[in-house]
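*Asks:* Here the sequence shown stands for residues 14 to 428, where the numbers follow the working numbering.
Note that CB positions come from ideal geometry on N, CA and C, so glycine has one too.
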Amino acid sequence: MLGNNYRKTKIFPKDFYWGSGTSAYQVEGGIENNDWSKAYRDGRVPVCGLACDHYRRYEEDFATAKTLGHNAHRLSVEWARIEPEEGKYDQEAIMHYRQVLQSLHQQKLKPFVTIWHFTLPLWFSQSGGFERADSPEIFARYCTNVVKELGDLCGHFSTMNEPNVFGSNGWLRGTWPPFKRFALTDMISITNSGRQYEAKATKYLSSVFIYFRVMKNLARAHNAAYKAIKKISPQTEVSVVKHVIVFASTYNPFYIIKAWAANYFWTHKFMRRVYKHCDSIGLNYYFYTQFGDRRVWRKTDMDWNFAPDHIYDALMMLSRYKKPLFVSEGGLADTLDTGRSEYITRQIEGVWLAIQAGVDVRGHLYWSLLDNYEWALGFAKRFGLIEVNYETQERTIRPSAYVYKKICEDNGIVE
Ligand code: BGC
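#1: Provide the residue span of the beta strand (DSSP E) that contains Met173, from first to last.
#2: Measuring CB to CB, does Gly343 end up less than 8 Å from Gln360?
#3: Near Gln39, which residues of its chain fall below 6 Å by C-beta distance, leaving aside the five closest residues on each side in sequence?
#4: Taking only the alpha-carbon atoms, compute the straight-line gap between Tyr334 and Cys291 and give it to the nearest angstrom.
#5: Taking DSSP's pairing of strands, which residues face Trp129 in a bridge?
#6: Using a Cβ distance threshold of 8 Å, determine whether the stretch 149-169 contacts the stretch 127-137, with at least three qualifying pairs required.
#7: By the three-class DSSP mapping on this structure, what secondary structure does Tyr325 have?
#8: Please report the straight-line C-alpha distance between Asn269 and Leu117, rounded to a whole angstrom.
#9: Could you check which residue in Trp380, Val227, Lys27 has the C-alpha nearest to that of Ala414?
#10: If you count every other CB in all the chains shown that lies within 10 Å of the CB of Lys123, and 16 or more means buried, which is it?
#11: Given 7 Å as the limit, tell me if Val401 has its C-beta closer than that to any heavy atom belonging to the ligand BGC.
#12: Is the stretch 323-340 touching the stretch 249-263 in the sense that three or more CB pairs, one from each, lie closer than 8 Å?
#13: Given Arg111, which residues of its chain have a CB within under 7 Å of its CB, disregarding the five upstream and five downstream residues?
#14: May I ask whether a heavy atom of the ligand BGC can be found less than 7 Å away from the beta carbon of Gly297?
#15: Quick one: give me the first and last residue of the beta strand (DSSP E) that Val259 is part of.
#16: Looking at the secondary structure, which residues open and close the beta strand (DSSP E) in which Ala106 lies?
#17: Starting from Gln360, follow the beta strand (DSSP E) in both directions and report where the run begins and ends.
#18: Are the beta-carbon atoms of Arg87 and Phe125 separated by less than 8 Å?
Spelled out as structure tokens, the structure:
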């Protein structure tokens, strides 16, 4: 894949963003009023509890990110903290996030804020969440309030994280709230998002139809939020964060058609609905799969193919929307940290090659700064540049974090 373009030293454009990310529920701790906390009280997902206690330790964590050469940081705000009851905004929570953003500025880390990263306040999820016909307006109102309150401290907001992952885990596979499932999806599912929970999910054919409705509402929600934000703050950059699976194929025509259909279903169907309302697009890349492939892949701790360089294909896929792109997530679970340095380096090479091919990529944010709550898989999977001891909350920087630090400080790969 590297072909003639292979050069050892790979310098990135000036002002490229380098850093990492987290999301509120996965790291903050102490959130009890959203759908995921209800799910653990109901025994349907692992307990999240204090997580990384990042709600109180954010300053220390950002200071560490700074020492690791980062110049940007992605985080999300928790909807259930900000709007704990419908239409009521919690000033204390807002103040907290203002302090968080101020702390990022002090560390000279450019903030990328995701307004909604998977978890829903109970009042919204229990009244139907994104199944509701008026969910786009409810979402747009929340997003606008977040930008009103935090917009002076942050120039870049993503409305939502990975709508397709949210929809498919919630309504096709039934591993995430609201745990609705269509059994046949087992045949097409290529990832493990918590198989042990699938058996408990309600199985209805209707969940497929609801899935399509939810996906439509999510696209409408993004578009409504974009327009409402632009009305109050035209200079704010608004993006969507899209999970892209690269479905490739061998030369077998059947697999070519299958890959085309899978890419359309997973990536382009949603993107076509929203790209006109995006100033930029965030790419979350984890998966490459080739239909008809007989290779035996090396695996990450998530049992996902170790294919970091194929981020190139994911960037090429999104480049058709002709918007600036940034890698909002890319990383792996690797408890022993034996593959992370290679993974990161090869991933950065893939990003560099896409830039050489003319794609406008503005940043790379490794997932994740800290080990964290990996949704229905609990705390066992370790994505962090920084290891977290959940008993003591002690942080230990992994060796691979220094490999990434060198890349950040060199603005690329210098050999
Ligand atoms: C999500 C993260 C998650 C990561 C690893 C992404 O799908 O945005 O919340 O932890 O992948 O699975």
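*Replies:* Let me lay it out:
#1: 169-174
#2: yes
#3: Asn385, Tyr386
#4: 10 Å
#5: Met173
#6: yes
#7: helix
#8: According to the sequence displayed, residue 269 carries Ile and not Asn. Approximately 45 Å, taken between the alpha carbons.
#9: Trp380
#10: buried
#11: no
#12: yes
#13: Leu163, Leu166
#14: Note on residue identity: the sequence assigns Asn, not Gly, to residue 297. Yes, the beta carbon of Asn297 sits closer than 7 Å to at least one heavy atom of the ligand BGC.
#15: 250-262
#16: Where Ala106 is concerned, there is no enclosing beta strand (DSSP E), although the alpha helix (DSSP H) it sits in stretches over 104-119.
#17: Element bounds for Gln360: not the beta strand (DSSP E) but the alpha helix (DSSP H), 353-369.
#18: yes
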